[in-house]
Every structure is written in structure tokens, then in C-alpha cells.
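*Asks:* For what it's worth, our numbering labels the leading residue of the sequence shown as 109, then goes sequentially.
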Amino acid sequence: MSSLEYIYIAGHRGMVGGAIMRALVARGHPTKAIVTRSHAELDLTDQAAVRAFFAKERPDQVYLAAAKVGGIHANNSYPAEFIYDNLMVQANVVHEAFRHGVKKLLFLGSSCIYPKLAPQPMAEDALLTGPLEPTNEPYAVAKIAGIKLCESYNRQYGASHGVDYRSVMPTNLYGPGDNYHPENSHVVPALIRRFHEAKVNALPEVVIWGTGKPRREFLYVDDMAAASLHVMNLPKTTYDAHTTPMQSHLNVGYGEDLSIAELALEVSAAVGYSGSIHFDTSKPDGSPRKLMDSSRLQSLGWRAQTSLSAGLAMAYRDYLKTTA
Numbered sequence: 109m110s111s112l113e114y115i116y117i118a119g120h121r122g123m124v125g126g127a128i129m130r131a132l133v134a135r136g137h138p139t140k141a142i143v144t145r146s147h148a149e150l151d152l153t154d155q156a157a158v159r160a161f162f163a164k165e166r167p168d169q170v171y172l173a174a175a176k177v178g179g180i181h182a183n184n185s186y187p188a189e190f191i192y193d194n195l196m197v198q199a200n201v202v203h204e205a206f207r208h209g210v211k212k213l214l215f216l217g218s219s220c221i222y223p224k225l226a227p228q229p230m231a232e233d234a235l236l237t238g239p240l241e242p243t244n245e246p247y248a249v250a251k252i253a254g255i256k257l258c259e260s261y262n263r264q265y266g267a268s269h270g271v272d273y274r275s276v277m278p279t280n281l282y283g284p285g286d287n288y289h290p291e292n293s294h295v296v297p298a299l300i301r302r303f304h305e306a307k308v309n310a311l312p313e314v315v316i317w318g319t320g321k322p323r324r325e326f327l328y329v330d331d332m333a334a335a336s337l338h339v340m341n342l343p344k345t346t347y348d349a350h351t352t353p354m355q356s357h358l359n360v361g362y363g364e365d366l367s368i369a370e371l372a373l374e375v376s377a378a379v380g381y382s383g384s385i386h387f388d389t390s391k392p393d394g395s396p397r398k399l400m401d402s403s404r405l406q407s408l409g410w411r412a413q414t415s416l417s418a419g420l421a422m423a424y425r426d427y428l429k430t431t432a
């Protein structure tokens with residue numbers, strides 16, 4: 109094996125995968141040693157295709173950032189796709205990584221793995237302690253399965269094959285490469301698009317789903333990428349000392365939350381929209397609060413670096429570039 113480590117980023121064209129690629133390049137990892145495939149080139153739900161890919165490329169490390177994602181509307185509209193696609197992608201990538209000798213893999217999950225009414229802030233041990241938020245339960249179940257998939261391979265093959273598969277659970281992410289689709293996007297890109305269109309069209313009011321009362325935490329995606337590299341490169345003894353074999357995931361959050369109403373004001377300021385904001389209380393809110401307890405990861409030496417106002421300004425610049 110070459111001394112140069114070949115790293116496969118599954119989902120490199122997505123927001124998180126793209127940020128991980130930027131982070132690797134910024135830290136000096138040669139681009140020739142970063143392995144990527146677009147969805148058109150490799151369908152990760154196709155087991156035979158994934159097996160052939162791993163047999164050909166033989167990566168040393170894998171960042172599993174590929175996923176079918178979306179907001180409340182998308183999760184409500186396509187529950188079968190959200191559970192099937194994500195389960196298949198995870199199972200195929202993890203299993204074929206193992207079959208082809210990959211020792212290190214990082215699985216990226218989501219804060220929605222935790223119960224709807226989990227104690228706040230949500231610590232890692234809240235997993236599987238109560239019912240999930242119904243609107244995104246299929247997606248959450250798939251992500252929980254991804255964690256347990258990694259843990260199971262560690263437990264069965266860690267000692268015999270040197271398998272070390274880790275999991276990180278990010279809070280709500282935003283930033284360059286986000287999805288600005290008018291119906292299937294998450295809250296930050298959806299608000300950026302709505303406020304921008306309202307500004308351009310001189311609309312007097314922007315209507316937002318729900319009451320505006322739910323509280324959410326937001327992390328700039330390049331901070332998430334930095335956390336991913338940090339966790340992937342922790343010594344195994346250090347990672348093991350801060351996790352357990354059947355609760356091995358780590359939360360990744362900003363550390364503070366705010367209401368959707370407060371977020372709307374922040375986004376409108378970043379975009380430069382000066383009209384009024386109206387909340388459509390007939391629409392669903394989702395979970396009342398989702399704040400991550402990231403103290404475990406912080407004790408391992410990582411903290412978010414990008415403030416919400418700075419991150420939103422950069423996200424809006426990215427939106428303008430993508431729509432130019």
C-alpha cells in the first residue's frame with residue numbers, strides 16, 4: 109500500500125461532503141488522493157455498483173456524507189424514499205468498505221435521531237429513549253441504523269480486522285452548497301430564498317410556516333467539516349475513552365439555539381429585506397426544541413468558529429452565486 113492515504117468522500121457534491129473536501133485540500137491532502145463519484149457515476153443504492161467501485165478504487169478511509177435529505181415538507185411527502193434510500197446507501201457503503209479492507213470510516217448522521225421530547229440539551233445517551241418526531245421518523249430511523257451498523261462492525265470486526273468506524277451527529281447545518289429548492293429545502297436556505305425573492309420583487313411581507321416559537325441550533329457547514337476531520341483523526345484510544353461500544357456517536361453542535369422567529373430576523377438582515385414577517389400557525393412546527401449537548405466533543409478539543417451572522421452572510425453570498 110502507498111504511504112499516501114486515499115480518501116473516499118461519499119456525497120462530495122452535497123453540502124457536507126463538499127465542505128469535507130475543501131477541508132482536506134486546505135489541510136494539504138493531495139486532490140489526486142481524494143476519491144469521488146457523482147450520483148450519475150455511482151448509484152450508492154446499487155449494491156453491485158458499490159462493490160465494483162470499492163474493488164477498483166480500494167480507498168483507505170471513507171467519509172459517508174451521502175444521504176437523501178430534506179425539510180419537513182420533503183420528509184412528509186416522501187417517507188418511503190427517505191428510509192429506503194438512506195438505509196441502502198449506508199448498508200452498501202459500510203459493508204463494501206469492510207469487505208475491501210477499509211479500517212477507518214466516518215458516518216454522518218443527524219440530530220433528528222433523538223426523541224421528539226428529549227431533555228434539552230440533547231446528550232448522546234438520549235438515543236432510543238422515546239418516540240421520534242413523526243414528520244421525519246423514517247429518515248431518523250435510517251440514521252439510527254447507520255450508527256448501529258458502524259457499531260456492529262466495530263464490535264464484530266474491530267479486534268480481528270482493525271475496523272474503526274465512527275459516527276458524528278450534526279445539528280442543523282447551513283452554508284455553501286446548500287439546497288435552495290422552494291419546497292424540499294431546510295429552514296435556513298428556504299428562508300434565504302424567500303427573503304431574497306421578496307427583496308427583489310419588493311414584496312411587503314414574507315410568510316413562514318409555523319408559530320416561530322420552536323428553537324433550533326445552526327452550525328456553519330465548514331465548522332462541521334472541521335469537526336469531521338477532527339473526529340476521524342483522533343487516536344482510537346482517545347475516541348474509545350469518550351464513547352462506549354454501543355453508544356459510540358458524538359454530537360456536533362454550535363452550542364446555542366434561537367427561535368425560528370429570531371432566525372427569520374437574522375436571515376432577513378443578512379439578505380437586506382426590510383418588509384414584515386408573518387407566521388402561518390396552521391402549518392406544523394416540528395419539535396419544540398433541538399439543542400445538542402456537544403460537551404463530549406468539546407472536551408476532545410473542537411469548538412465551532414463561525415458565528416450565525418457571519419455564517420448567514422457567507423451563505424447568502426453562496427446563494428447569489430448559485431442563482432446568478
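Glycine residues also receive a C-beta, built at the ideal position from the N, C-alpha and C atoms.
Drop a sphere of 10 angstroms on the beta-carbon of residue 165, count the other beta-carbons inside from all chains shown, and report buried for 16 or more, exposed for fewer.
*Replies:* In the sequence shown, counting from the first residue as 1, residue 165 sits at position 57. Exposed, because fewer than 16 other Cβ atoms sit within 10 Å of the Cβ of residue 165.
*Asks:* Just list the residues that DSSP pairs residue 142 with in beta bridges.
*Replies:* In the sequence shown, residue 142 corresponds to position 34, counting from 1. Looking at the DSSP assignment, residue 142 forms a beta bridge with 115.
*Asks:* Is the separation between the beta-carbon of residue 314 and that of residue 326 shorter than 8 Å?
*Replies:* Mapped onto the sequence shown, residue 314 falls at position 206. Mapped onto the sequence shown, residue 326 falls at position 218. Their beta carbons are not under 8 Å apart, which means residue 314 does not touch residue 326 by this criterion.
*Asks:* Just the Cα atoms here: how many angstroms apart are residue 393 and residue 294?
*Replies:* For the purposes of this step, residue 393 is taken as residue 285 along the sequence shown, with counting starting at 1. For the purposes of this step, residue 294 is taken as residue 186 along the sequence shown, with counting starting at 1. Approximately 13 Å, taken between the alpha carbons.
*Asks:* Reducing DSSP to helix, strand and coil, say where residue 355 ends up.
*Replies:* Locating residue 355 in the sequence shown gives position 247, counting from the first residue. DSSP places residue 355 in strand when its eight states are reduced to three.
*Asks:* In the DSSP assignment, what are the bridge partners of residue 328?
*Replies:* In the sequence shown, residue 328 corresponds to position 220, counting from 1. Answer is 282.
*Asks:* Looking at the structure shown, is residue 321 part of a helix, part of a strand, or coil, going by DSSP?
*Replies:* Reading the sequence shown from its first residue, position 213 is the one you call residue 321. Coil at residue 321, not helix or strand.
*Asks:* For residue 271, which three-state DSSP category applies?
*Replies:* If you number the sequence shown from 1, residue 271 lands on position 163. It is coil, neither helix nor strand.
*Asks:* Under the DSSP definition of a beta bridge, which residues are partnered with residue 206?
*Replies:* Counting from 1 along the sequence shown, the entry for residue 206 is found at position 98. DSSP, once it has assigned bridges, lists no residue as partnering residue 206.
*Asks:* Taking DSSP as the reference, what is the three-state secondary structure of residue 293?
*Replies:* Taking the first residue of the sequence shown as 1, we reach residue 293 at position 185. Of the three classes helix, strand and coil, the one that applies to residue 293 here is coil, per DSSP.
*Asks:* With a 10 Å radius around its C-beta and 16 neighbouring C-beta atoms as the bar for buried, classify residue 322 as buried or exposed.
*Replies:* Within the sequence shown, numbered from 1, the residue matching residue 322 stands at position 214. Result: buried.
*Asks:* List the residues that DSSP assigns as beta-bridge partners of residue 388.
*Replies:* For the purposes of this step, residue 388 is identified with residue 280 of the sequence shown, where counting begins at 1. Note: residue 388 sits in a beta bridge opposite 317.
*Asks:* Relative to the C-alpha of residue 172, which candidate in 395, 333, 424, 420 has its C-alpha closest?
*Replies:* The residue given as residue 172 occupies position 64 in the sequence shown. Looking at the Cα atoms, 333 is the closest of the given residues.
*Asks:* Let's test the definition: count the other Cβ atoms within 10 Å of the Cβ of residue 188 and tell me whether it reaches 16, buried, or not, exposed.
*Replies:* The sequence position of residue 188 within the sequence shown is 80, counting from 1. Flag for residue 188 reads exposed.
*Asks:* Starting from residue 176, follow the beta strand (DSSP E) in both directions and report where the run begins and ends.
*Replies:* Residue 176 sits at position 68 when you count from the first residue of the sequence shown. Where residue 176 is concerned, there is no enclosing beta strand (DSSP E), given that its DSSP letter is neither H nor E.
*Asks:* Tell me the residue span of the beta strand (DSSP E) that contains residue 169.
*Replies:* What you label residue 169 is simply residue 61 of the sequence shown in a count that begins at 1. Residue 169 -> beta strand (DSSP E) spans 169-172.
*Asks:* So what does DSSP say about residue 109, is it helix, strand or coil?
*Replies:* Locating residue 109 in the sequence shown gives position 1, where the first residue counts as 1. Note on residue 109: pLDDT 36, under 50, position unreliable in the model; no value is reported.
*Asks:* Return helix, strand or coil for residue 398, following the three-state DSSP convention.
*Replies:* By 1-based counting over the sequence shown, the position of residue 398 is 290. Reduced to three states, the DSSP call for residue 398 is strand.
*Asks:* Determine which residues share a DSSP beta bridge with residue 360 and list them.
*Replies:* What you label residue 360 is simply residue 252 of the sequence shown in a count that begins at 1. Paired residues: 278.
*Asks:* Compute the distance between the beta-carbons of residue 216 and residue 276, then report whether it is under 8 Å.
*Replies:* Taking the sequence shown and counting its residues from 1, one reaches residue 216 at position 108. Taking the sequence shown and counting its residues from 1, one reaches residue 276 at position 168. Against a cut-off of 8 Å, the Cβ pair of residue 276 and residue 216 comes out as a contact.
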